[in-house]
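Please read the structure below before turning to the comments.
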Amino acid sequence: MINLKILYQNLLKDHGPQGWWPINNKYHPGDYSYPKNDSQRFEICIGAILTQNTSWKNVERALDNLRKKKLLDARKLIIADDQLIKNCIKPAGYFNQKAKKLKIFAEFFIKLKKRIPIRDELLSLWGIGKETADSILLYAYDQPIFVIDTYTRKFLLNQNIIKEKELNHMTYEDIKLFFQENLPKDYKLFQEYHALIVQYGKNLQNN
DNA sequence: AGCCAGGCTACCG
DNA sequence: CGGTAGCATGGC
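Residue numbers for the first sequence follow the numbering used here, so the first one is 34 and each next one is one higher.
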């Protein structure tokens, strides 16, 4: 049995705490007390949608533009002009689709009130898939759910944790369960682990 | 000058 | 079910 906790400790030693999810474009390494309010929670969700197949650098620009227009606010976003939203988020790409996704999510967020969303509710929204749903649950709602992305598969391969042949026929849910069943159910650990895997993957490319 | 980025939907066989 | 084109910008 692979000890995923040991691998985590090595990653943490190599890269240090990552401070995910950034709030107001600032990371907060080692501080797992975010989000501190509903506004920050909403910002994380918007970032999770904007970063779909897009570098975080471009998402930062989009978030800055939205912030300047006071649109990082669910109630203002739902009544905002579509073209204004598209102009703000243009740097993050796919702006036609993402503008629609943001409005749909904002509507949902308001109807939620203070309740924690259920995964299936998120998945039923147009524009929210598995990774985005899980990112929202883990980083905006502190739910102990492990997020899987392309970096996670590379990590498992590169560390010889799972062989390529086996990994190729594992679904998203399979990989997610593999992590969750081999780690203590701790949202702080899951938040840091996923961020470290991404950092690990980024470093691989520069070498 | 392509290829890639903290994916998802729609549609195909 | 699994596989893939299309979506769009900025960095390298």
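Here a beta-carbon is modelled for each residue, glycine too, at the ideal position from N, C-alpha and C.
All figures in this text were calculated on a predicted structure; none of them were measured in a lab.
Residue i burial status per 10 Å Cβ neighbour count (16 or more: buried)
i      : result
Trp159 : exposed
Leu237 : exposed
Ile112 : exposed
Sub-7 Å separation of residue i and residue j beta-carbons
i      : j      : result
Asn58  : Glu93  : yes
Tyr184 : Val231 : yes
Trp53  : Ala228 : yes
Phe179 : Gln130 : no
Leu190 : Glu197 : yes
Ile122 : Ala81  : no
Ile181 : Tyr205 : yes
Asp167 : Tyr220 : no
Leu31  : Leu37  : Residue 31 lies beyond the range of the chain shown here (34 to 240); nothing can be said about it.
Tyr226 : Tyr41  : yes
Phe75  : Phe128 : no
Ile35  : Ile208 : no
Whole-angstrom C-beta distance between residue j and residue i, which should lie under 8 Å
i      : j      : result
Gln51  : Tyr60  : 7 Å
Thr165 : Gln224 : In fact, because the Cβ distance is near 16 Å, the residues do not count as touching under 8 Å.
Thr87  : Ala132 : In fact, because the Cβ distance is near 14 Å, the residues do not count as touching under 8 Å.
Ile79  : Tyr67  : Not confirmed; about 15 Å, so no contact.
Exercise for review: Report yes or no: do three or more beta-carbon pairs, one from the region 113 to 120 and one from the region 143 to 162, lie closer than 8 Å?
Suggested key: A contact is defined here as three or more CB-CB pairs under 8 Å, and the region 113 to 120 fails this definition with respect to the region 143 to 162.
Check your understanding: Is the region 130 to 145 touching the region 99 to 109, taking contact as three or more C-beta pairs under 8 Å?
Key -> With the rule of 3 Cβ pairs closer than 8 Å, the region 130 to 145 counts as touching the region 99 to 109.
Check your understanding: Enumerated in chain order, which unbroken segments of the alpha helix (DSSP H) with a length of 4 residues or greater are wholly contained in the region 48 to 110?
Key -> Considered as a whole, the region 48 to 110 harbours 71 to 83, 89 to 101 as its complete alpha helix (DSSP H) runs of no fewer than 4 residues, in chain order.
Practice item. Would you mind listing the beta strand (DSSP E) stretches within the region 155 to 225 that are 3+ residues and don't spill past its ends, in chain order? Key: Qualifying beta strand (DSSP E) stretches: none in this window.
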